[in-house]
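Going by my numbering, the first residue of the sequence shown is number -6, and it counts up by one from there.
The beta-carbon is built from N, C-alpha and C at its ideal position, and this holds for glycine as well.
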Amino acid sequence: MAKIETRTEPMVLNMGPHHPSMHGVLRLIVTLDGEDVIDCEPVIGYLHRGMEKIAENRTNIMFVPYVSRWD
-6 MAKIETRTEP MVLNMGPHHP SMHGVLRLIV TLDGEDVIDC EPVIGYLHRG MEKIAENRTN
54 IMFVPYVSRW D
């Protein structure tokens, strides 16, 4: 019977930014060792709405309604 060689190095999986199992817009770089998750690196910034630019022309009190609407 032939011996089956298995991989021993970790597998890097790119999930997103539009993956069927993900809700919303987020990218995850996941490192797997078999079924075990070794590392998960989130990559954010896909929902840029220009809030920094809006905040440049407002005081802190004027900017509070914008901050309360963030996800």
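If you check the beta carbons only, do residue i and residue j fall under 8 Å apart?
i, j, result
"Pro3", "Ile31", "yes"
"Pro35", "Leu25", "no"
Who are residue i's beta bridge partners in DSSP?
i, result
"Ile31", "None, per the DSSP bridge assignment."
"Met8", "Leu21"
"Val36", "Arg20"
Could you pull out every residue in the same chain whose Cβ sits closer than 8 Å to the Cβ of residue i, ignoring the five residues on either side in sequence?
i, result
"Arg0", "none"
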